[in-house]
């Protein structure tokens, strides 16, 4: 079962050239943070371009449960009447975050320094993911957490009665962990400090400043040091959410591997902590250009044009780039399958604890479709078969993971034989218009009878 209802098998067949414009949804990371920070501000925050995917809708529901007034005025157009830092009320029921790993971890951080109790759960995928990486630093503030063995959901978090500020060095590159600590620090006295050995996506820092928090970022020999002063009164904002680079990855990468394709993906956020995939594709020789480069809401933005690229070469992806493209390795491995030579990806153990073990899921699925993959705990390598060399023809397991499902659907667009995904329902968590958008460009999908 999918955890989203009845499984929805979907077959992807060799596509005609992909042509046109792909208007992808709003950025999921910024959408989550807009709702949470809006709920912690005093007054009305207006949001346009919000991602209307299931993950973000779960965060909206959670903010209502904690006492904020969250209103949808139309597609992507929302308002949040916040309750202020420390103003969350205790939810009357269990907070179900569905598949939203970012949502649940950030919400845990946001409530951990308020003296309330909340119980969190999620779908089968989210209940399998480790929460200790967030609850461990929350304990330093004074919060207590009680979950299943291994620190998994369902989990009850008891907020700190008298929170203390924390100085915390993240044990792994994780924007979720960093953000959870910073959100907890809002309602702690004094200065909360987060130290990152490797910088991760910095949307939280940018947005906290935008809402009026006193936050500084300094690069030191120890790493990136982020200092937040507690007990601010956050000011409501007007936010125009840029379009999601992680969603843009799919039409961009599909265009690179489908013969004759030329696709424009407008208004994509190119925050340097998120743009690692696009740098990597260009390093491989992809015909990928940035057009109309500009800045919107403090974030760099451009239109991406991707054309069929039959001469891409395998490369060694710089390990230090991993944090800026961690969600994009599954679709990168698909592109690597159509390149020549070996693409090596190291420093990627974080992929083992995403919505699924993404290295294992992609390796098994690619092998079933005729691609050679080698893997270790913290690395994997894909040996490409060239622009027309992938046989395809297999049925693969999505494992309740939207990015695994979309990656293999893109594989089927360029392989010799169709590729079937056992359940495409999880795609709705982040990219609800994926199927009609790709079909409009020229993709060919077939819905199959459920078992």
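Numbering (our numbering), first residue to last: 1340 to 1790.
Note that beta-carbon positions come from the ideal geometry of N, C-alpha and C, so glycine has one too.
Predicted model, so just to flag it, every value in this text is computed and none were measured.
Output needed for residue i: all residues of its chain with C-beta closer than 8 Å, excluding positions within five of it in sequence on either side, in chain order.
i	result
residue 1554	1521, 1544, 1547, 1548, 1565, 1566, 1567, 1568
residue 1395	1367, 1370, 1371, 1374, 1389, 1439, 1442
residue 1431	1404
residue 1757	1350, 1351, 1352, 1353, 1731, 1732, 1751, 1785
Check for me: the beta strand (DSSP E) holding residue i runs from which residue to which?
i	result
residue 1406	Per DSSP, residue 1406 belongs to no beta strand (DSSP E) and is neither H nor E.
residue 1706	Run containing residue 1706: none in the beta strand (DSSP E); it sits in the alpha helix (DSSP H), 1697–1707.
residue 1754	Here residue 1754 belongs to no beta strand (DSSP E), and DSSP marks it neither H nor E.
residue 1676	That residue, residue 1676, is in no beta strand (DSSP E); its alpha helix (DSSP H) goes 1668–1676.
residue 1486	1483–1487
Can you tell me where the alpha helix (DSSP H) with residue i in it begins and where it stops?
i	result
residue 1379	1367–1379
residue 1459	First-last for residue 1459: 1456–1460, but that is the beta strand (DSSP E), not the alpha helix (DSSP H).
residue 1465	1463–1466
residue 1440	1440–1450
residue 1479	1471–1480
Under a three-way DSSP split, which group does residue i fall into?
i	result
residue 1693	coil
residue 1786	strand
residue 1347	coil
residue 1739	coil
residue 1769	coil
residue 1728	coil
residue 1431	coil
residue 1774	helix
residue 1656	strand
residue 1551	coil
residue 1342	Confidence at residue 1342 is low in this model, with a pLDDT of 48, below 50, so the placement of that residue is unreliable and no value is reported for it.
residue 1749	helix
residue 1573	coil
residue 1664	coil
residue 1437	coil
residue 1453	coil
Between which residues of its own chain and residue i is the CB-CB distance below 6 Å, once the five residues before and five after are set aside?
i	result
residue 1409	1399, 1402, 1403, 1419
residue 1454	1498, 1500
residue 1377	1384, 1419, 1421
residue 1686	1658, 1661
residue 1417	1386, 1389, 1411
residue 1444	1473, 1515, 1519
residue 1681	1653, 1720, 1722
residue 1775	none
residue 1704	1735, 1747
residue 1679	1652, 1723, 1725
Are the C-beta of residue i and some C-beta of chain B separated by less than 8 Å?
i	result
residue 1462	Among the chains of the structure shown, chain B does not appear; only one protein chain is present.
Per DSSP, what are the beta-bridge partners of residue i in this structure?
i	result
residue 1398	Residue 1398 is not bridged to any residue.
residue 1387	1579
residue 1565	1533, 1556
residue 1422	1381
residue 1720	1683, 1713
residue 1759	1350, 1734
residue 1358	1601
residue 1413	1416
Can you give me the Cβ contacts of residue i inside the same chain, cut-off strictly under 7 Å, excluding the 5 residues immediately before and after it?
i	result
residue 1586	1363, 1364, 1769, 1770
residue 1802	One cannot answer for residue 1802 here, as it falls past the ends of the chain, which runs 1340 to 1790.
residue 1714	1698, 1702
residue 1688	1716, 1717
residue 1634	1640
Uninterrupted alpha helix (DSSP H) stretches inside the region 1581–1652 (no shorter than 4 residues): Segments of the alpha helix (DSSP H) lying fully in the region 1581–1652: 1584–1596, 1615–1622.
Any beta strand (DSSP E) of 3 or more consecutive residues that is wholly inside the region 1489–1544: The region 1489–1544 is shown to contain whole beta strand (DSSP E) runs of 3 or more residues at 1491–1497, 1506–1508, 1530–1535, in chain order.
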